[in-house]
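This report concerns only the one structure given below.
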Amino acid sequence: MLGAPVAERVAVRPARRLRGEIRLPGDKSISHRALLLALLAAGESRITGAGDGRDVRATADVASALGASVTRLGGDARSVDYRVVSPGRAALVEPAGILDCRNSGTTFRLVAGILAGLPGFAVLDGDESLRRRPMARVAAPLVAMGATIAGRAGTTLAPFAITGSTTLRAIEHVTLVPSAQVKSCVLLAGLAATGTTAVREALPTRDHTERMLRARGVSVRTELLDDGGALHEIAGPATVLPLDERVPGDVSSAAFWLVAAVIHPDADLLLRNVGTNPSRRGIIDLLRRMGAEIEERPVGTGAGGVSGEPIADLAVRSSSLHGIDVDPAEVAGAIDEIPILCLAAAVASGRSRIRGIGELRHKESDRVAGIVAGLVALGARIRADGDEIEIEGGRALRGAAVASHDDHRLAMTFAVAGLIAEGTTLVGQPGSADVSYPGFFDDLERVRA
Ligand code: S3P
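Each residue of the sequence shown is one higher than the last, beginning at 214 in this note's numbering.
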């Protein structure tokens with residue numbers, strides 16, 4: 214079916230006020246994992262409220278290419294329910310065609326970990342952006358465990374051709390950069406390895422994989438280390454049990470409305486059922502440290518309780534913000550929210566400094582370059598120096614044409630800026646928002662009405 218033509222640019226005008234309730238798409242990270250763990254588990258799994266962005270759809274397609282029956286049961290414009298019936302890890306099939314991960318680094322890296330332990334051959338690929346992203350970080354540990362991988366540029370870039378092994382070795386892997394994707398890749402390969410596979414990280418990253426594996430009967434031990442790092446151990450080989458999962462709203466999507474409300478002079482928004490996992494809620498706590506008025510009303514754990522993910526409604530309103538210093542450990546807990554945090558810092562009074570942002574250069578786009586160029590075009594004072602971003606806040610923003618480099622988080626950040634910038638903000642490539650937040654621009658129109 215042909216969709217409506219995708220606009221090259223969307224014009225966003227300042228909003229007089231922001232009001233209303235928003236239901237976010239299901240958490241993207243949890244949705245990917247729920248589909249992949251359902252693929253590994255023999256039997257039927259149900260997933261309620263999975264995010265229905267393009268990234269999660271890519272994972273659903275990969276799961277079906279590997280032998281699961283994946284049925285969409287309905288949902289709304291943002292989220293969808295799935296039934297997944299799988300023969301289980303031991304009976305998955307060699308995919309007939311290339312596994313297209315599209316724009317999704319999470320799909321590529323987590324699926325690479327699964328393929329490493331399966332017999333047979335598979336090719337993992339993605340779009341132009343994914344083909345630029347660093348993949349040696351997953352090839353190296355998987356090859357050390359016994360998988361055979363060939364890829365472009367000396368097996369540092371996609372596509373990857375992977376020949377798995379049914380006799381993977383357990384390893385201890387030290388991640389070179391904070392990355393939940395790399396950690397999860399190695400833990401998923403560890404499911405198929407004999408012995409204890411360990412991942413040591415200098416800064417703890419989001420822990421959905423560990424929680425969700427435990428909930429499905431797999432022993433994963435996590436130790437927080439004295440130096441601030443973390444050690445994760447998985448005992449293999451291990452069987453993943455099927456489980457029904459209810460996915461909380463995506464805090465990374467909620468972040469756009471949190472910032473929209475706190476920087477707007479007349480705003481009052483209620484965000485429903487947001488996941489507040491301690492390893493993901495960094496943006497809430499950082500904004501509060503800047504003076505944001507965010508009220509958190511817990512609504513129980515997991516609403517179904519499955520993987521123990523905490524959930525809350527967030528009430529947020531216009532606030533008076535001041536600049537803060539953000540250290541590298543805090544960046545790891547808010548990695549996808551740094552672009553929108555930069556917008557809050559540009560509006561806040563005083564200076565903000567965000568240290569340890571190197572990984573942001575390797576996301577769907579170079580987000581350091583993209584956020585600096587976009588916010589400078591809008592009149593902010595922001596500069597990047599090595600691994601650091603410095604923002605001199607307090608300048609009024611004025612509308613301009615801003616490029617989002619086909620990066621969903623940049624497009625949504627600049628759209629939010631347009632709600633307070635004087636004049637018209639022209640956001641380039643707004644269609645990229647569909648990667649994580651289908652319906653974002655509808656919500657933008659609704660809350661300003
Ligand atoms: C994700 C981890 C993060 C994040 C990405 C989703 C995940 O990437 O940026 O959007 O679901 O594990 P890294 O772990 O590579 O930093």
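C-beta: ideal position from N, C-alpha, C; glycine also.
For I327, the enclosing alpha helix (DSSP H) begins and ends at 318–329. When rounded, the separation of the alpha-carbon atoms in A383 and L355 is 10 angstroms. Note on F627: 16 or more other CB atoms within 10 angstroms of its CB, so buried under the neighbour-count rule.
Taking a cut-off of 5 angstroms from the heavy atoms of the ligand S3P, the residues with a C-beta inside it are S242, T319, S392, A393, Q394, I548, D549. Around the beta carbon of A467, a 10 Å sphere encloses 16 or more other beta carbons of the protein chains shown; the residue is thus reported as buried. With a 10 Å radius around the Cβ and a threshold of 16 neighbouring Cβ atoms, A363 comes out exposed. By the C-beta density criterion, T379 is exposed, having fewer than 16 other C-beta atoms within 10 angstroms. Take L416, set aside five residues on each side of it, and the residues of its chain with a beta-carbon closer than 6 angstroms to its own are P391, A542, A545, in chain order. Distances from the CA of L454 to each of W470, A443, S465, S432 were compared; the closest alpha carbon is that of S432. Annotated as proximal: V269 and H245, with beta-carbon spacing under 8 angstroms. For S397, the closest of L250, E458, A303, H535 by C-alpha to C-alpha distance is L250. Each of R501, E508, L657 was checked against the Cα of L483, and the nearest Cα belongs to E508. When DSSP reads this structure, R564 sits in a beta bridge with E605. Nearest neighbour of V487 by Cα position, chosen from R232, D240, A224, R222, turns out to be D240.
Annotation for G571: D600 place their beta carbon closer than 6 angstroms to its own, counting only its chain and skipping 5 residues before and after. Looking from the CA of F653, the closest CA among T409, T261, W470, R226 belongs to W470.
Under DSSP, no beta-bridge partner is assigned to G301. For R434, the uninterrupted beta strand (DSSP E) run begins and ends at 433–437, by DSSP. Closest by C-alpha distance to A525, out of R232, L237, Y650, is L237. With 16 or more other CB atoms across the displayed protein chains lying within 10 angstroms of its CB, F321 is buried. Within the DSSP secondary-structure output, E506 pairs in a beta bridge with R530.
The stretch 311–329 makes no contact with the stretch 283–297; the number of CB pairs closer than 8 angstroms stays below 3. Collapsing the DSSP output to three states places V387 in a strand. Taking a cut-off of 8 angstroms on C-beta distances, the stretch 403–410 does not touch the stretch 560–568, as fewer than three cross pairs fall below it. Runs of the alpha helix (DSSP H) lying entirely within the stretch 262–286, each at least 4 residues long, are 267–278 in chain order. P332 sits close to G377, with the two beta carbons spaced by under 8 angstroms.
Note: F334 is bridge-paired with T376 in the DSSP secondary-structure output. Its chain contains V336, A363 as the residues whose beta carbon lies nearer than 6 angstroms to that of A374, once the 5 sequence neighbours on both sides are disregarded; these appear in chain order. In the pairwise beta carbon analysis, the stretch 632–641 is classified as not touching the stretch 458–467: fewer than three pairs are separated by under 8 angstroms. For G449, the enclosing beta strand (DSSP E) stretches over residues 443–449. When beta bridges are read from the DSSP output, H535 appears opposite S562.
Residue environment: L437 is assigned as exposed (fewer than 16 neighbouring CB atoms within 10 Å of its CB, all protein chains considered). G631 places its beta carbon less than 8 angstroms from that of V225.
Under DSSP, E458 forms a beta bridge with I260.
Around T319, the same chain offers H245, Q394 as residues with beta carbons nearer than 6 angstroms, after the five sequence neighbours per side are excluded. Of all C-beta pairs linking the stretch 584–604 to the stretch 612–626, three or more are shorter than 8 angstroms, placing the two stretches in contact.
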